[in-house]
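I have placed the structure first, in the form of structure tokens, so that the comments after it can refer back to it.
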Amino acid sequence: MKNIFLLSFCFLLSCSPGLQKQLTKQVKQAEQELQHHIGIYITEPATGKTVFEWKADKYFTPASNTKVLTFYTCLQVLGDSLPAIRYRENNDSLIFQGMADPSFLNPFVYTNANVFNFLKNHEKPLYFATSATQPQRYGTGWAWDDYPGNYQPERSAFPLYSNLVTVRFSNNVFTIIPPSFTPFVTIGENKKYLEANRSETINRFTVHAPSNGLKSQTEIPFIVNDTTIHQLLQDTLLRKITPVAYSLSRSDKVLFSTPTDSVLKVMMQESDNFLAEQLLLQCALILTDSLTEDAAIRFMQRNYFADIPDALIWKDGSGLSRYNLVTPRSMVNVWKKIVAKRSIPTLLPLLATGGKNGTIANWYKADTPYIFGKTGTLANNHSLSGLLFTKSGKMLVFSYMNSHYPGTATQVRKQMQQIFEYLRNKY
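Just so you know, our numbering puts the end of the sequence shown at 482, numbered straight through with nothing missing.
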């Protein structure tokens, strides 16, 4: 029996250098082929062993991998359901104020009708309290000329419809949602695809029908202000609402809405920037009573990320900011905190799953899914981090970051897939 143990131990020792050598060879070749930089850190939490590392202490642009930081913040700060509105019920009125809840009338997430029914059916006159502190519409380091992109809606204290105008085209007819914006839409000449444009400074839109006439849909952000939100609320609830220059406080009541996990799932699987930004604002509001993402970031840096191997340079909730910087080994550290906070059976359904759903539905395919995590992509930068399950039954936590490649993300993903498959099969 002793000889069998020694033989097994020697096999493990001889196998590990071989794995290291092969992975090093593949990563070097990948960097040379695409003339870019790669950072990797992989650990096995059960043993505390570092499986592989390559430039793990170097900083990379995480892009939407930043949502992993937001995700962990939400796990620490938010409860089972999202806080939707603060309200005060007087003898002759109901005063309400938004709490940055991104789920209200959001077509991209499951939401219950708590808030809608509460406001729609309340017997007293409604007064909309404009927030004392509105969030900045864009985050630090965002691209200002991306304002028409549906991936960059403005942030707000009382979001509606994901702060997007939805344009649908069917049977040669345009449908605008919310319909309040219909009078501000001009129909332009046909284009190859359905297209919607907006003036940079006002809510004026031009839409172009697809030349093929096929049914299609697109979205475009609208400019957010108290006047616009007030009008949308009136038009949606079909009742009079009076705006009032007032701010509610922590002593007022809170109405909760959507289950938190249902929103986190969409944020992580579909990489929804709007959800990430609003959720981090909600965390800041709970922690400091202000709609300032920096407040939530400072709280997390001080209380939960003080032991991170390399300091997080963290500027927003979504990763749209080019100023965010993270090292692979720090990202793995965050994932280990997540695993410690949530059980694997409740965590995995919230994450993008290789070959199954989300942003990696078309990658890392296998009969049994083995990659669960979060992607991050900006021009010339692509990352993936999360959990990898090997054929031998081990769970690994990894971060794989790519920076400054001149080609497409598809080329990078092919390289990553080869390395992940090798790791799944051999470790």
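The beta carbon of each residue, even a glycine, is placed where N, CA and C say it ideally should be.
Please read all numbers here as calculations on a predicted model, not as lab measurements.
Would you kindly report the start and end of the unbroken alpha helix (DSSP H) that includes residue i?
{"i": "Thr282", "result": "281–292"}
{"i": "Leu303", "result": "No alpha helix (DSSP H) contains Leu303, which DSSP labels as neither H nor E."}
{"i": "Leu124", "result": "121–132"}
By DSSP, does residue i sit in helix, in strand, or in coil?
{"i": "Phe173", "result": "helix"}
{"i": "Trp418", "result": "coil"}
{"i": "Pro72", "result": "helix"}
{"i": "Ile474", "result": "helix"}
{"i": "Lys469", "result": "helix"}
{"i": "Leu406", "result": "coil"}
{"i": "Val164", "result": "coil"}
{"i": "Lys481", "result": "helix"}
{"i": "Pro265", "result": "strand"}
{"i": "Asn252", "result": "strand"}
{"i": "Asn328", "result": "helix"}
{"i": "Thr116", "result": "coil"}
{"i": "Thr79", "result": "helix"}
{"i": "Gly462", "result": "coil"}
{"i": "Gly413", "result": "helix"}
{"i": "Ala111", "result": "coil"}
Say the cut is 6 Å; is the CB of residue i nearer than that to a heavy atom of the ligand ZN?
{"i": "Glu476", "result": "Here there are no bound small molecules, and the ligand ZN is not part of this structure."}
Would you check if the distance between the CB atom of residue i and the CB atom of residue j is smaller than 7 Å?
{"i": "Tyr460", "j": "Met471", "result": "no"}
{"i": "Phe239", "j": "Asn252", "result": "no"}
{"i": "Glu99", "j": "Leu451", "result": "yes"}
{"i": "Gly153", "j": "Ala212", "result": "yes"}
{"i": "Asp200", "j": "Thr315", "result": "no"}
{"i": "Gly372", "j": "Leu335", "result": "yes"}
{"i": "Asp290", "j": "Ser235", "result": "yes"}
{"i": "Ser338", "j": "Thr128", "result": "The sequence given here has Cys at residue 338, not Ser. Yes. Within cutoff."}
{"i": "Leu42", "j": "Thr430", "result": "Absent from the structure is residue 42, since the part of the chain shown begins at 56 and ends at 482."}
{"i": "Asn245", "j": "Ser266", "result": "yes"}
{"i": "Asn328", "j": "Tyr206", "result": "yes"}
{"i": "Pro214", "j": "Ile275", "result": "no"}
{"i": "Val106", "j": "Val389", "result": "no"}
{"i": "Trp197", "j": "Leu342", "result": "no"}
{"i": "Ala139", "j": "Asp112", "result": "no"}
Would you give the residue range spanned by the beta strand (DSSP E) that residue i belongs to?
{"i": "Met450", "result": "450–458"}
{"i": "Ser317", "result": "Per DSSP, Ser317 belongs to no beta strand (DSSP E); it is in the alpha helix (DSSP H), 315–325."}
{"i": "Pro138", "result": "136–144"}
{"i": "Tyr96", "result": "92–99"}
{"i": "Phe159", "result": "Looking at the DSSP string, Phe159 is not in any beta strand (DSSP E), and its letter there is neither H nor E."}
{"i": "Ile426", "result": "426–433"}
{"i": "Phe151", "result": "149–153"}
{"i": "Thr273", "result": "271–276"}
{"i": "Thr297", "result": "296–299"}
{"i": "Asn258", "result": "Run containing Asn258: none; DSSP gives neither H nor E here."}
{"i": "Ser447", "result": "Note, Ser447: premise wrong, no beta strand (DSSP E); not H, not E."}
*Would you mind listing the alpha helix (DSSP H) stretches within the segment 334–403 that are 4+ residues and don't spill past its ends, in chain order?*
348–358, 383–396, 399–402
_the segment 346–359 / the segment 87–101 touching (three or more Cβ pairs under 8 Å)_ = no
*Spell out a yes or no on whether the segment 103–116 and the segment 367–383 are touching, meaning 3 or more CB-CB pairs, one atom from each, closer than 8 Å.*
yes
*Fully enclosed by the segment 164–245, which alpha helix (DSSP H) runs are 4 residues long or longer?*
169–176
_With three or more beta-carbon pairs closer than 8 Å as the criterion, would you say the segment 272–287 touches the segment 130–147?_
no
*Is the segment 294–313 in contact with the segment 183–193, if contact means three or more CB pairs nearer than 8 Å?*
yes
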